[in-house]
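Here the sequence shown is numbered in our numbering, starting from 10 and rising by one per residue.
Where is the CB? At the ideal position from N, CA and C, for every residue including glycine.
Below: one structure, written as structure tokens.
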Amino acid sequence: MGRAFEFRKERKFKRWNKMSKVFTRLGKEIVIAVKSGGPDPDTNAKLRTIIQNAKGASMPKDRIEAAITRASNKDEKDYEEVVYEGYGPHGIAVIIETATDNINRTVANIRHYFTKAGGSLSTSGSVSFMFDHKAVFRFAAAEFDMEELELELIDYGLQDIDENEGEIFIYTAFEDFGNMQKALEDRHIDLISADFQRFPMSLTELTPEQEDEVMKMIDRIEEDDDVNQIYHNMA
């Protein structure tokens, strides 16, 4: 079947692995939301948002329901969300968001990834000031008028609005997440996803060889089951 078949197979496996990782992360988020606010999405806004995100990521309905049921069990382990900050090779700022049931294991692993790459794990706040923490809402463009929608939502914290490939992206400050979520729900807008992202306020240029060193570290970190998201300021 040749090299082309092997290439397609490798890409498919990578896609499956990535999807599995996303489902695992969403499962943890469901557990955290249920344990903090209960299993009913009608009264638990955080759980309602995560279910929307899970559907947007094509997570099977039975898997979502199983995660909610499992989380309702008192014997189900708790997860704690912990953010780590540090510097990778060549001074690249890195933020790692995790959800873990064993902080000692997670911090030891994260420290090892930095050290092995010639970087260093730092204290909280050491690099987060270099990133803008925003809430990002995504939904189908459908029949919305962008200018009209912008005027309607500006009082709810809208900072920016963009359309790309048939989808609308709305950006607010981290603290305006709740206001914007309610405004969109009141307008019966079906969200594909609603989450938080960190955007570097400036980027660092590296040579191709230096970029490879940073990406090797990031790839290792991404493989860790406790890791949810990684952000960096490499151009």
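Asked                                                                                                                                                                             : Found
Let me know the secondary structure DSSP gives F153 once reduced to three states.                                                                                                 : coil
Go ahead and pull the three-state DSSP assignment for S211.                                                                                                                       : coil
Apart from the five residues on each side of it in sequence, which residues of its chain come closer than 8 Å, Cβ to Cβ, to S133?                                                 : V92 and E94
Decide if P98 is buried, meaning its Cβ has at least 16 other Cβ atoms within 10 Å, or exposed.                                                                                   : buried
Who are the Cβ neighbours of E90 in its own chain at under 6 Å, not counting the five residues just before and after it?                                                          : A108
Quick one: what does DSSP say Y95 is sitting in, helix, strand or coil?                                                                                                           : The residue asked about is misnamed: residue 95 is Gly in this sequence, not Tyr. Correct three-state label for G95: strand.
In three-state DSSP terms, what is R196?                                                                                                                                          : coil
Thinking C-beta only, is D233 closer than 7 Å to N118?                                                                                                                            : yes
Would you please state the rounded distance, in angstroms, between the beta carbons of N173 and L212? I believe it to be under 8 Å.                                               : In fact, because the Cβ distance is near 20 Å, the residues do not count as touching under 8 Å.
Might you give, ordered along the chain, the residues of its own chain that have their beta carbon closer than 7 Å to the beta carbon of A13, omitting 5 neighbours on each side? : Bear in mind that a pLDDT of 43 at A13, under 50, signals an unreliable position, so the number given afterwards is only what the model happens to contain. Nothing listed; no residue qualifies.
By how many angstroms is the C-alpha of I230 removed from the C-alpha of D195?                                                                                                    : 39 Å
Mapping the DSSP letters down to three states, classify N242 as helix, strand or coil.                                                                                            : coil
Count the other CB atoms, across all protein chains shown, that sit within 10 Å of the CB of G128; report buried if there are 16 or more and exposed otherwise.                   : buried
Touching or not, the stretch 62-81 and the stretch 177-196, by the rule of three or more beta carbon pairs under 8 Å?                                                             : no
Distance, Cα to Cα, E159 vs T181?                                                                                                                                                 : 12 Å
What would DSSP say about T132, mapped onto helix, strand or coil?                                                                                                                : coil
If you check the beta carbons only, do H142 and F183 fall under 7 Å apart?                                                                                                        : yes
Would you mind sorting K21 into buried or exposed? The rule is 16 or more other CB atoms within 10 Å of its CB.                                                                   : With a pLDDT of 40 at K21, under the threshold of 50, the predicted position of this residue should be treated as unreliable, though the coordinate-derived value follows. Exposed, because fewer than 16 other Cβ atoms sit within 10 Å of the Cβ of K21.
Quick check on the DSSP output: the alpha helix (DSSP H) that includes T58 runs from which residue to which?                                                                      : A54 to G65
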